[in-house]
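Trainee: To start, I am sharing the structure in question, which I have written as structure tokens.
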Amino acid sequence: MRIYDIICNKRDGKELTKEEINYMIESYCKGKIEDYQMSAMLMAIYLNGMTDEETANLTEAMTKSGDIVDLSSIEGIKVDKHSTGGVGDKTTLIIAPIVACYGVKVAKMSGRGLGHTGGTIDKLEAIPNFKTNLDKEEFFNVINEVGFSIVAQSGNLAPADKKIYALRDVTGTVESIPLIASSIMSKKLASGSDCILLDVKVGSGAFMKDIDSSIELAKKMVAIGEHCGKKTVALITDMDIPLGKNIGNALEIKEVVEVLKGKGPQDLTNICITLSSNMLYIAGKGTLEECEKMSKEALKNGLAFEKFVQMVERQGGDTEYIKNTEKFGESKYKEDIFAQEDGYIYSMDTEEIGIASVILGVGREKKDDKIDCLAGIILDKKTGDKVNRGDKLCTIYSGDKNKLDLAKDKIIKAISIQENKSKKTNLIKASVFIDKIVKF
Ligand code: URA
Numbered sequence: 004m005r006i007y008d009i010i011c012n013k014r015d016g017k018e019l020t021k022e023e024i025n026y027m028i029e030s031y032c033k034g035k036i037e038d039y040q041m042s043a044m045l046m047a048i049y050l051n052g053m054t055d056e057e058t059a060n061l062t063e064a065m066t067k068s069g070d071i072v073d074l075s076s077i078e079g080i081k082v083d084k085h086s087t088g089g090v091g092d093k094t095t096l097i098i099a100p101i102v103a104c105y106g107v108k109v110a111k112m113s114g115r116g117l118g119h120t121g122g123t124i125d126k127l128e129a130i131p132n133f134k135t136n137l138d139k140e141e142f143f144n145v146i147n148e149v150g151f152s153i154v155a156q157s158g159n160l161a162p163a164d165k166k167i168y169a170l171r172d173v174t175g176t177v178e179s180i181p182l183i184a185s186s187i188m189s190k191k192l193a194s195g196s197d198c199i200l201l202d203v204k205v206g207s208g209a210f211m212k213d214i215d216s217s218i219e220l221a222k223k224m225v226a227i228g229e230h231c232g233k234k235t236v237a238l239i240t241d242m243d244i245p246l247g248k249n250i251g252n253a254l255e256i257k258e259v260v261e262v263l264k265g266k267g268p269q270d271l272t273n274i275c276i277t278l279s280s281n282m283l284y285i286a287g288k289g290t291l292e293e294c295e296k297m298s299k300e301a302l303k304n305g306l307a308f309e310k311f312v313q314m315v316e317r318q319g320g321d322t323e324y325i326k327n328t329e330k331f332g333e334s335k336y337k338e339d340i341f342a343q344e345d346g347y348i349y350s351m352d353t354e355e356i357g358i359a360s361v362i363l364g365v366g367r368e369k370k371d372d373k374i375d376c377l378a379g380i381i382l383d384k385k386t387g388d389k390v391n392r393g394d395k396l397c398t399i400y401s402g403d404k405n406k407l408d409l410a411k412d413k414i415i416k417a418i419s420i421q422e423n424k425s426k427k428t429n430l431i432k433a434s435v436f437i438d439k440i441v442k443f
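Take a look at the structure:
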């Protein structure tokens, strides 16, 4: 078999065989296929798609490219969660401590930023000394003691995805249903949890821009999960506006703390309550209504915040930064952006805002770029808000003064101010189960 022929087959719209997919993934992991060849293949998949069978075979090959974690030595039901990626999406850091308050275990292996979206690991690394690389024994100890742990996807968990993910990030091949489904599900299947909650984002800041493609992606992932014996549910959630107010690694940790203390923005708090309720529900902790009450209670009584502090401490992070987030300090440079006319914020091009955050230093433009952990954006106004000319829309932060101008330009273009208010939409659009779809 030659990778050249397999690339040509996909380029010409042919269906790849299981053998071709296995050969491609195995050889790429062994370094026998070059990055430029895999990039060509990814672009061919992006342009021509994959059948359900090809996607399932790709997921299986990527899952088997590394270890399959055995979580059986951790007591209790293990629930995993995965978001397809958004702007300002820090939900994992809020919902894992909430469900841990009720004995549901979360063994979370997270990723870094991808394209215009942020990554949980980059956010956690903003906390001084926080260790995102624990060995297996330590990872299990933290889960048993605290109820949850969040680590970087280890070198040997779906290593094929790790290599392909980094390549997709810089080759314009992220927004592809088979590539996203196989990337997410290979990691989830290799991670060993009993149940999986998927948060499929839809809207201008998501990889899926419309409800139909987000439901198609959700259905594919739920089918793969259930086929492999995992209870899997997907929520379709709104990403037409950044989630919460803060975008950026340290800035998002600050906002996580606000939500965990019951003082966070309403949109972020509500979405976290819905996600954690669904996690508790699939773990069998009660009806959805009961699980919602439990989630709210864990925020109100401060137990979820305590869990978060415990996890940070167990993973070596300096908890003083969590107890007093002012300690993070501020970026060297900042600039306010003001409304240039009267009206309502009609829409926000959330992908462009995500790209502006990457320019500021929140994410990487090249594979080996360093993150600026204090860089980012704090939004004062969001879609639906009334503004007068001269009102502050947001503040942008960066350690590099030159980046402010570039990002500012993008943000001004991304925020549309009009005379009329846009229609309010639900944050939760639909729930996708193996046998039904409920739209809200
Ligand atoms: N998250 C992932 O893990 N993979 C993708 O492809 C997109 C989002």
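Following this note's numbering, the numbering of the sequence shown begins with 4 at its first residue and continues without gaps.
All C-beta atoms, glycine included, are put in the ideal place defined by N, C-alpha and C.
All of these numbers come straight from a predicted model, not from anything done at the bench.
Go ahead and label M3 buried or exposed: buried means 16 or more other beta carbons lie within 10 angstroms of its beta carbon, across all protein chains shown.
Mentor: The structure shown does not extend to residue 3, since the chain spans only 4 to 443, so no value can be given for it.
Trainee: For I362 and N132, I'd like the C-alpha separation in whole angstroms.
Mentor: For this step, residue 362 is matched to residue 359 along the sequence shown. For this step, residue 132 is matched to residue 129 along the sequence shown. Roughly 25 Å separates the two Cα atoms.
Trainee: Going along the chain, which residues of its own chain have a beta-carbon closer than 8 Å to the beta-carbon of F210, five neighbours each way excluded?
Mentor: Sequence index remark: in the sequence shown, residue 210 carries index 207 (1-based). So the list reads T87, G88, G118, T120, V177, E178, I183, K204, once near-sequence residues are dropped.
Trainee: Could you check if G206 belongs to the surroundings of ligand 1, using beta carbon to heavy atom distance under 7 Å?
Mentor: To locate residue 206, count along the sequence shown from 1; it is residue 203. The answer is no for G206.
Trainee: Cα-Cα, which of D15, M351, M65 is closest to L192?
Mentor: The residue labelled residue 192 in the question sits at position 189 within the sequence shown. When each option's Cα is compared against that of L192, the closest is M65.
Trainee: Which residue marks the beginning of the alpha helix (DSSP H) containing L19, and which one marks its end?
Mentor: Start at 1 with the first residue of the sequence shown, and residue 19 comes out as number 16. Run containing L19: none; DSSP gives neither H nor E here.
Trainee: For T87, verify whether its CB is less than 7 Å away from any heavy atom of ligand 1.
Mentor: To locate residue 87, count along the sequence shown from 1; it is residue 84. Indeed, a heavy atom of ligand 1 lies less than 7 Å from the Cβ.
Trainee: Do you know how far the Cα of D213 is from the Cα of S30?
Mentor: Locating residue 30 in the sequence shown gives position 27, where the first residue counts as 1. Locating residue 213 in the sequence shown gives position 210, where the first residue counts as 1. Roughly 35 Å separates the two Cα atoms.
Trainee: How about A286 and C198: are their beta carbons less than 8 Å apart?
Mentor: Taking the sequence shown and counting its residues from 1, one reaches residue 286 at position 283. Taking the sequence shown and counting its residues from 1, one reaches residue 198 at position 195. A286 is a Cβ neighbour of C198, given a cutoff of 8 Å.
Trainee: Considering only heavy atoms of ligand 1, does any lie closer than 7 Å to the CB of V154?
Mentor: Locating residue 154 in the sequence shown gives position 151, where the first residue counts as 1. Checking the Cβ of V154 against ligand 1 gives no.
Trainee: Alpha carbons only, please: which of I124, V82, Q318, L377 is nearest the one belonging to K330?
Mentor: Position 327 of the sequence shown, counting from 1, holds the residue named residue 330. Ranking I124, V82, Q318, L377 by Cα distance to K330 puts L377 first.
Trainee: Any beta carbon from chain C within less than 8 Å of K442's own beta carbon?
Mentor: Absence of chain C from the displayed structure is noted, only one protein chain being present.
Trainee: Taking the beta strand (DSSP E) that E338 belongs to, which residues open and close that run?
Mentor: Residue mapping note: residue 338 aligns to position 335 of the sequence shown, counting from 1. Its beta strand (DSSP E) spans residues 336-341.
Trainee: Using a Cβ-Cβ cut-off of 6 Å (strictly less than) and excluding sequence neighbours within five positions of G91, which residues of its own chain qualify?
Mentor: Counting from one through the sequence shown, the residue named residue 91 turns up at place 88. If we look at G91 and ignore the five residues flanking it on each side, its Cβ neighbours are P245, L246, G247, I250.
Trainee: Buried or exposed, going by whether 16 or more other CB atoms sit within 10 Å of the CB of L407?
Mentor: For the purposes of this step, residue 407 is taken as residue 404 along the sequence shown, with counting starting at 1. With 16 or more other Cβ atoms within 10 Å, it is buried.
Trainee: Please identify the residue among N281, Y168, D394, I374 whose C-alpha is closest to the C-alpha of M46.
Mentor: For the purposes of this step, residue 46 is taken as the residue at position 43 of the sequence shown. For M46, the nearest C-alpha among the options comes from Y168.
Trainee: Counting along the chain, where does the beta strand (DSSP E) carrying L396 start and finish?
Mentor: Residue mapping note: residue 396 aligns to position 393 of the sequence shown, counting from 1. Its beta strand (DSSP E) spans residues 395-401.
Trainee: List, from N- to C-terminal side, the alpha helix (DSSP H) runs of 4 residues or more that fit wholly inside the stretch 209-264.
Mentor: 214-230, 252-263
Trainee: Cutting at 7 Å between CB atoms, please list the residues of its own chain near D339, excluding the five before and the five after it.
Mentor: Here residue 339 refers to the residue found at position 336 when the sequence shown is read from its first residue. Hits under 7 Å: K395, T398.
Trainee: Below 7 Å CB to CB, which residues in the same chain sit around K190 once its five sequence neighbours on both sides are set aside?
Mentor: Here residue 190 is taken as the residue at index 187 of the sequence shown, counted from 1. Only M112, Q156, L160, A161, D164 meet the Cβ criterion.
Trainee: Could you say which of Q40, V365, C294, G150 lies nearest to I10 if we only look at CA atoms?
Mentor: Taking the first residue of the sequence shown as position 1, residue 10 is located at position 7. That would be Q40, whose Cα lies nearest to the Cα of I10.
Trainee: Just reading off the alpha helix (DSSP H) that L409 is part of, what are its end residues?
Mentor: Position 406 of the sequence shown, counted from the first residue, corresponds to residue 409. Where L409 is concerned, the enclosing alpha helix (DSSP H) stretches over 404-417.
Trainee: With 16 other CB atoms within 10 Å as the buried threshold, where does F443 fall?
Mentor: For the purposes of this step, residue 443 is identified with residue 440 of the sequence shown, where counting begins at 1. By the neighbour-count rule (16 or more Cβ atoms within 10 Å), F443 is not buried but exposed.
Trainee: For M53, name the three-state secondary structure that DSSP assigns.
Mentor: To locate residue 53, count along the sequence shown from 1; it is residue 50. The answer is coil: DSSP assigns M53 none of H, G, I, E or B.
Trainee: Is I124 near ligand 1 - that is, is its Cβ less than 7 Å away from at least one heavy atom of it?
Mentor: Mapped onto the sequence shown, residue 124 falls at position 121. It does not: the Cβ of I124 is nowhere closer than 7 Å to a heavy atom of ligand 1.
Trainee: From which residue to which residue does the beta strand (DSSP E) around D202 run?
Mentor: Locating residue 202 in the sequence shown gives position 199, where the first residue counts as 1. According to the DSSP assignment, D202 belongs to the beta strand (DSSP E) that extends over 198-205.
Trainee: Looking at the structure shown, is A286 part of a helix, part of a strand, or coil, going by DSSP?
Mentor: As a position in the sequence shown, residue 286 is number 283, starting the count at 1. Reduced to three states, the DSSP call for A286 is coil.
Trainee: Relative to ligand 1, is the shortest distance from any of its heavy atoms to the C-beta of I48 smaller than 7 Å?
Mentor: Along the sequence shown, read from residue 1 onward, the residue named residue 48 stands at position 45. False, no ligand heavy atom lies under 7 Å from that Cβ.
Trainee: How many angstroms separate the CA atom of S434 from the CA atom of N25?
Mentor: The residue you call residue 434 lines up with position 431 of the sequence shown. The residue you call residue 25 lines up with position 22 of the sequence shown. S434 and N25: Cα-Cα distance of roughly 33 Å.
Trainee: Note down, in chain order, each residue of its chain lying with its Cβ closer than 7 Å to the Cβ of K411, except the 5 sequence neighbours on either side.
Mentor: Taking the first residue of the sequence shown as 1, we reach residue 411 at position 408. Exclusion of the five residues before and after K411 leaves E338, I340, I399 as the residues of its chain whose Cβ lies within less than 7 Å of its Cβ.
Trainee: How is T277 classed by DSSP in three states: helix, strand or coil?
Mentor: The residue you call residue 277 lines up with position 274 of the sequence shown. Reduced to three states, the DSSP call for T277 is helix.
Trainee: What is the rounded straight-line gap between the Cα of L220 and the Cα of K233?
Mentor: Stepping through the sequence shown from its first residue, residue 220 is reached at position 217. Stepping through the sequence shown from its first residue, residue 233 is reached at position 230. If I take the Cα positions, the gap works out to 17 Å.
Trainee: Along the beta strand (DSSP E) that carries D83, what are the first and last residues, could you check?
Mentor: By one-based count along the sequence shown, residue 83 stands at place 80. Start and end: 82-86.
Trainee: Between the Cα of N60 and those of A342, C231, T94, spot the shortest distance and give me the residue it belongs to.
Mentor: As a working note, residue 60 is residue 57 in the sequence shown. Comparing Cα-Cα distances from N60 to each of A342, C231, T94, the minimum goes to C231.
Trainee: Let me check you understand the geometry: is the CB of S186 closer than 7 Å to at least one non-hydrogen atom of ligand 1?
Mentor: One-based indexing of the sequence shown puts residue 186 at position 183. The answer is yes for S186.
Trainee: Which residues does DSSP pair with K108 in a beta bridge?
Mentor: Here the question's residue 108 lines up with position 105 in the sequence shown. In the DSSP output, where bridge partners are listed per residue, K108 has K81.
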